[in-house]
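Engineer: In the numbering used here, the protein residues as written are 750 to 1375.
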Amino acid sequence: MFPRFIRIFFSAFFLFAGTQTHGGASGAPEVRLPGPDASFCVILSVKNNAAGYALTHQGIPLLEWAPLGVVINGNDTGANAAPFAVRGDSGPQEVRFPVSGKHAEGKVAFIEYRVDAGARLSLRFRVFNDGVAFRYEFFHAPDAGARVDGESTGFGIPPGARLQALEGGPLTARLASGYFLLIQEAGCFGLGWAQLQFDFNAGVAARAAYAGGAFAFPVGAAHSPWRVILGTRNLGALVNSDIADSLVPPPDPVFFPSGAATAWVRPGRATLSREAGGTSGFEGQIALVNLAGELGYEHHFIGMGWEQWRRGGEDNWALLSGIVKAATKKNVGVWVEKRASEINNYSGGWAQLHAFLTRVKAVGAAGVRLSLDDGGTQEALLFCDAARHSAAALRLMLIFHGTGISGGEGRAWPHVLTGGSPPGSTRRTAAVHDCTLPFSLFVAGPSGFSSILLPEGVRSTGFSWAHQLARAIVFTSPLRYLETTPEAIRAAAPAGSPQREILKSIPAVWDETIVLPGAEPGAFAIFARRKGKTWYAGILNGAQSRKGTLKLGFLTPGINYAAILLYDDMKEPHAWNSVESILTAADSVPLEMRGAGGALIRLTPLDSPDLPRDTGRKGQLRLEFP
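(1) For Gln1057, name the three-state secondary structure that DSSP assigns.
(2) Tell me whether Lys1253 sits in a helix, a strand or coil according to DSSP, three-state version.
(3) Scan the segment 801 to 852 and note each continuous beta strand (DSSP E) run of 3 residues or more that stays entirely inside, going in chain order.
(4) Using the Cα positions of Val1207 and Leu1068, report the straight-line distance between them to the nearest angstrom.
(5) Figure out for me which residue from Leu1102, Trp1099, Gly1052 and Val1038 has the closest Cα to the Cα of Gly1071.
(6) Tell me which residues share the same chain as Gln933 and place their Cβ nearer than 6 Å to its Cβ, disregarding the 5 neighbours each side in the sequence.
(7) Candidates Leu1315, Thr1167, Asp879 and Val864: which alpha carbon is nearest Gly1376's?
(8) Using the rule of at least 16 other Cβ atoms within 10 Å of the residue's Cβ for burial, across every protein chain shown, is Pro1243 buried or exposed?
(9) Can at least three beta-carbon pairs, one atom from the segment 1033 to 1049 and one from the segment 994 to 1007, be found at a separation below 8 Å?
(10) Using beta-carbon positions only, say whether Ser1155 and Ser1196 come within less than 8 Å of one another.
(11) Work out the CA separation of Arg923 and Arg1249 for me, nearest whole Å.
(12) If contacts are defined as beta-carbon pairs under 8 Å, then His1216 and Asn1290 qualify, I think. What distance do you get, rounded to the angstrom?
(13) Could you tell me whether the segment 1055 to 1068 touches the segment 1119 to 1129, using the rule of 3 or more Cβ pairs below 8 Å?
(14) Assign Thr1077 to one of three DSSP states: helix, strand, or coil.
(15) When you compare only the Cα positions, how much space is there between Ile1092 and Arg1239?
(16) Mark Pro1266 as exposed unless 16 or more other C-beta atoms lie within 10 angstroms of its C-beta, in which case mark it buried.
(17) Within the continuous alpha helix (DSSP H) that includes Ala1161, where are the two ends?
(18) Please find out if some non-hydrogen atom of the ligand ADP comes closer than 7 Å to the beta-carbon of Arg863.
(19) Could you name the residues of the same chain whose beta carbon sits closer than 8 Å to that of Pro907, not counting the 5 residues immediately before and after it, in chain order?
(20) Mind checking which residues open and close the alpha helix (DSSP H) that includes Arg1137?
(21) List the DSSP bridge partners of Gly905.
(22) In whole angstroms, what is the alpha-carbon distance linking Lys1110 and Arg1088?
(23) Check the C-beta distance from Glu1056 over to Gly1082 and give it rounded, since I have them as a contact under 8 Å.
(24) Output needed for Pro1016: all residues of its chain with C-beta closer than 8 Å, excluding positions within five of it in sequence on either side, in chain order.
(25) How close, in whole Å, do the beta carbons of Ala1324 and Leu1301 come, if the pair is a contact with beta carbons under 8 Å?
(26) Looking at the secondary structure, which residues open and close the beta strand (DSSP E) in which Thr1167 lies?
(27) Just to confirm my understanding: we take Met750, look at its own chain, exclude 5 residues before and 5 after, and list those with CB closer than 7 Å. What are they?
(28) At which residues does the alpha helix (DSSP H) containing Phe1149 begin and terminate?
(29) What do you reckon, are the CB atoms on Gly827 and Ser901 nearer than 8 Å?
(30) Between Asn829 and the rest of its own chain, which residues show a CB-CB distance below 6 Å, the 5 nearest in sequence each way excluded?
(31) Using a Cβ-Cβ cut-off of 6 Å (strictly less than) and excluding sequence neighbours within five positions of Phe964, which residues of its own chain qualify?
(32) What separation, rounded to the nearest whole angstrom, lies between the Cα atoms of Thr1233 and Arg1060?
(33) Val876 and Pro783 look like a contact to me (Cβ under 8 Å); what is the Cβ gap, rounded to whole Å?
(34) Do Val1181 and Gly1271 have their C-beta atoms within less than 8 Å of each other?
(35) Excluding sequence positions up to five away, which residues of its chain have a Cβ less than 6 Å from the Cβ of Val1223?
(36) Taking Cβ positions, are Pro841 and Ala1009 nearer each other than 8 Å?
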């Protein structure tokens, strides 16, 4: 249910508050680790024999002192700690790398430090200009059979903060000082290290726990995943942070000779109907493949039930092959869904997993979504690691559902188009939920929570049609689903309509992202995103109806843009209005939105070769609503 997935706290908590000492020399009571521009600083110290840290930005506290340590076989490595000693630093570094999703190129600057606090606790810190990441390192791995019971790692949220905790992570906070924080993890894959959760207990603001509880220490493990803390003064910087992606290795050139641009890795949009069972389900998939071709979508997704298909003498694999052949003629890739529990055979060397993926590849499908019910456990993560390798070797794209939150795997494994989303998350229904996700789940990474439901979903969820389609702009996913039927699309977006034009054109990946003024997590999400020279603005409204103005100052001055605006029908919830016009950066667009409503606008330069000849030229010079 919704309350389990996202919980909003308005209380402030203290976490082991103490008096700081000052110093900075190696081994002194307090050690400071500054970032490249010296604005961020990690402060390490030992209090009551426990190792801990605090975080500041330009001297302003972002995190109060909180403990550090991993609990192995009941022993806390952060307890009885010696004073911190810095064993070396890298000096300032800058890294650039391709990104698939919110913008085209990632860029970070950091200084890396290795620090010890006695014989049992060693950490590696990377201090950035917009946050910090750290991980525990094990140069003497515990003996075979060792058990990781948890982490004593704490996050000392200052008093007066508003916390938003997503089940399975991440944690976001708006501090009384005006800063925004996001706490997540990165680089969980390839380690067999169970995923981090946040534990709110007895006056502790946040402390790390693990999905599934204790787990076996990974064989040969040299380090934990990274714990990542972003801290910014504005939501745009938070949303555009590249720290998590920077913490994982680049793609393996054996599998991905051109990195994320490798030809068989194909981000895009997909038609989807979850009702795939039975012969009627099979016939419906053919109709949706045709719709995908008509819309210019790159993919069609087949949900659970396809394995029960039978028709005459043909079994499910023969019928799937027929759909793939029909889709190939329309340049549409076909994906299928599979329950991971049916092929999760660790003791058999993942033979069932590999056999299934091999058969999917043999019929010509483009990708597989693997759905897990226990995605944060060690066993599930080992399964996902095996699936990444096997699918990459077969040149199959992949999605995981129910595996928790993204942690940068899209950079290392670009064929994993969308990161994990918690079980059942794709059908959450509250407007506050939609207006929170862009500043929490989607900051951590792309997510499978990306379905656009038209129009049946509007009737079951209460979201307006404009809200549903604006999700395609505000939410980030290199594979995005349109959950619908051909009949529903004909009703909501008839051929030749502005609605159909927008539906066809919204891309799945972007060159630039801007969070526009007025955004408020949980209440109002307003984003502008650019692909090439075309801009899209998407607005998700929360529970209360709202009037406002969209200012177009993000556009290039002096250029005329053909605009298509879709907005709520204030009288009829299962409808929307549209208007076309010619606008410039100096213009503003008046808006009125329903509760759980929204709006979206596409703005294309008049001289763009992608602009249909008559689009925008028949509109008014300023938007005038009917």
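We put the CB at the ideal spot given by N, CA and C, even for glycine.
Every value quoted in this text rests on a predicted model; they were computed, and no experiment measured them.
Structural biologist: Quick answer:
(1) Here residue 1057 corresponds to residue number 308 of the sequence shown, with the count starting at 1. Gln1057 falls in the helix class under three-state DSSP.
(2) Mapped onto the sequence shown, residue 1253 falls at position 504. For Lys1253, the secondary structure class from DSSP, reduced to helix, strand or coil, is helix.
(3) Look at the segment 801 to 852 and you find these whole runs of beta strand (DSSP E), each 3 residues long or longer: 809 to 816, 819 to 821, 834 to 838 and 842 to 847.
(4) To locate residue 1207, count along the sequence shown from 1; it is residue 458. To locate residue 1068, count along the sequence shown from 1; it is residue 319. Note on Val1207: pLDDT 43, under 50, position unreliable in the model; no value is reported.
(5) Here residue 1071 refers to the residue found at position 322 when the sequence shown is read from its first residue. Comparing Cα-Cα distances from Gly1071 to each of Leu1102, Trp1099, Gly1052 and Val1038, the minimum goes to Val1038.
(6) Looking up residue 933 in the sequence shown gives position 184. Sequence-distant partners of Gln933 (beyond 5 residues in either direction) whose C-beta falls short of 6 Å from its own C-beta, in its chain, are Gly918, Pro919, Val977 and Ala1193.
(7) Residue coverage of the chain in this structure runs from 750 to 1375, which leaves residue 1376 outside it and unanswerable.
(8) Translated into the one-based positions of the sequence shown, residue 1243 becomes position 494. Exposed: under 16 other Cβ atoms inside 10 Å.
(9) Between the segment 1033 to 1049 and the segment 994 to 1007, the count of C-beta pairs closer than 8 Å stays below three; the two stretches do not touch.
(10) Taking the first residue of the sequence shown as 1, we reach residue 1155 at position 406. Taking the first residue of the sequence shown as 1, we reach residue 1196 at position 447. If you check the CB distance, Ser1155 and Ser1196 come in under 8 Å.
(11) The residue given as residue 1249 occupies position 500 in the sequence shown. The residue given as residue 923 occupies position 174 in the sequence shown. C-alpha separation (whole angstroms): 38 Å.
(12) As a position in the sequence shown, residue 1216 is number 467, starting the count at 1. As a position in the sequence shown, residue 1290 is number 541, starting the count at 1. Between Asn1290 and His1216 the Cβ distance is about 7 Å, and since that is below 8 Å, they are a contact.
(13) The answer is no - the segment 1119 to 1129 does not touch the segment 1055 to 1068, with fewer than three Cβ pairs under 8 Å.
(14) On the sequence shown, position 328 is the one that residue 1077 refers to. Three-state DSSP puts Thr1077 in a helix.
(15) Locating residue 1092 in the sequence shown gives position 343, where the first residue counts as 1. Locating residue 1239 in the sequence shown gives position 490, where the first residue counts as 1. Going from the Cα of Ile1092 to the Cα of Arg1239 covers about 39 Å.
(16) Locating residue 1266 in the sequence shown gives position 517, where the first residue counts as 1. Counting C-beta atoms within 10 angstroms of its own C-beta, Pro1266 has fewer than 16 neighbours from the protein chains shown and is therefore classed as exposed.
(17) In the sequence shown, residue 1161 corresponds to position 412, counting from 1. Unbroken alpha helix (DSSP H) run through Ala1161: Glu1158 to Ala1161.
(18) Among the components modelled here there is no ligand, and therefore nothing to report on the ligand ADP.
(19) If you number the sequence shown from 1, residue 907 lands on position 158. Only Ala761, Pro810, Leu811, Leu812, Glu813, Leu924, Ala925 and Ser926 meet the Cβ criterion.
(20) Reading the sequence shown from its first residue, position 388 is the one you call residue 1137. Run containing Arg1137: Gln1127 to Leu1143, per the alpha helix (DSSP H) assignment.
(21) Here residue 905 is taken as the residue at index 156 of the sequence shown, counted from 1. Answer by DSSP bridge pairing, in chain order: Glu813.
(22) In the sequence shown, the residue the question calls residue 1110 occupies position 361. In the sequence shown, the residue the question calls residue 1088 occupies position 339. Roughly 17 Å between the two C-alpha positions.
(23) Taking the first residue of the sequence shown as 1, we reach residue 1056 at position 307. Taking the first residue of the sequence shown as 1, we reach residue 1082 at position 333. Between Glu1056 and Gly1082 the beta-carbon gap is near 19 Å, outside 8 Å, which marks them as no contact.
(24) Mapped onto the sequence shown, residue 1016 falls at position 267. Excluding five sequence positions before and after Pro1016, the CB atoms of its chain that fall closer than 8 Å to its own CB belong to Ser849, Glu1047, Leu1166, Pro1227, Leu1228, Ala1257 and Val1258, given in chain order.
(25) By 1-based counting over the sequence shown, the position of residue 1324 is 575. By 1-based counting over the sequence shown, the position of residue 1301 is 552. About 25 Å separates the two Cβ atoms, so there is no contact after all.
(26) Translated into the one-based positions of the sequence shown, residue 1167 becomes position 418. From DSSP, the beta strand (DSSP E) with Thr1167 extends over Val1165 to Thr1167.
(27) In the sequence shown, residue 750 corresponds to position 1, counting from 1. With a pLDDT of 31 at Met750, under the threshold of 50, the modelled position of this residue cannot be trusted, and the question is left open.
(28) On the sequence shown, position 400 is the one that residue 1149 refers to. No alpha helix (DSSP H) holds Phe1149; the beta strand (DSSP E) holding it covers Met1146 to His1150.
(29) In the sequence shown, counting from the first residue as 1, residue 827 sits at position 78. In the sequence shown, counting from the first residue as 1, residue 901 sits at position 152. Their beta carbons are under 8 Å apart, which means Gly827 touches Ser901 by this criterion.
(30) On the sequence shown, residue 829 is found 80 positions in, with the first residue counted as 1. Excluding its 5 nearest sequence neighbours in each direction, Asn829 has C-beta neighbours in its own chain below 6 Å: Asn798, listed in chain order.
(31) The residue given as residue 964 occupies position 215 in the sequence shown. Here the set comprises Val897, Ala943 and Gln1127.
(32) Taking the sequence shown and counting its residues from 1, one reaches residue 1233 at position 484. Taking the sequence shown and counting its residues from 1, one reaches residue 1060 at position 311. Going by C-alpha positions, Thr1233 is about 24 Å away from Arg1060.
(33) Translated into positions along the sequence shown, residue 876 becomes position 127. Translated into positions along the sequence shown, residue 783 becomes position 34. Rounded, the Cβ-Cβ distance is 7 Å, consistent with contact.
(34) Numbered from 1 along the sequence shown, position 432 holds the residue referred to as residue 1181. Numbered from 1 along the sequence shown, position 522 holds the residue referred to as residue 1271. Taking 8 Å as the Cβ cut-off, Val1181 and Gly1271 qualify as a contacting pair.
(35) Here residue 1223 refers to the residue found at position 474 when the sequence shown is read from its first residue. Taken in chain order, the residues that qualify are Pro1187, Ala1274, Phe1276, Gly1287 and Leu1289.
(36) By one-based count along the sequence shown, residue 841 stands at place 92. By one-based count along the sequence shown, residue 1009 stands at place 260. No, these two residues do not count as a Cβ contact at 8 Å.
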